[in-house]
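Student: Residue numbers (our numbering): 99 to 195.
Structure below; questions to follow.
What follows is the structure, encoded as structure tokens:
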């Protein structure tokens, strides 16, 4: 979820401000702060830990691009695959501008 929030953050400034207030973090670091919270809580922090295999990321991205009908930000399979790669590797989402 933090990676999806990082992807959508640029088009959701009001929502990011609310989350930043709730998380007591900078507005441009909401996704990273959620990732930090998940790590501290001990929940899986990567799609790999949930059993997804790297070789399936492109297929998952293509299917998601075909099935997702509502999202605050426009996307294509390539942007979803990039998001999934970060989520698969379990890297902390970067602050957004």
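Backbone N, C-alpha and C define an ideal beta-carbon position, used for all residues, glycine too.
Quick caveat: nothing in here was measured; it's all calculated off a predicted structure.
Assuming residue 190 and residue 133 make a contact with CB atoms under 8 Å, what is their CB distance in whole Å?
Tutor: Residue 190 to residue 133, Cβ: 5 Å. Contact.
Student: What's the gap between the Cα of residue 152 and the Cα of residue 176?
Tutor: Each residue's alpha carbon lies about 15 Å from the other.
Student: Considering just the uninterrupted stretch of the alpha helix (DSSP H) at residue 210, what are its terminal residues?
Tutor: This structure cannot speak to residue 210, because the chain is shown only from 99 to 195.
Student: On the three-state DSSP scale, how would you describe residue 166?
Tutor: In the structure shown, residue 166 sits in coil (DSSP, three-state: anything other than H, G, I, E or B).
Student: Pairs of beta-carbons, one from the region 177 to 189 and one from the region 134 to 149, closer than 8 Å: are there three or more?
Tutor: They touch, by the three-pair rule.
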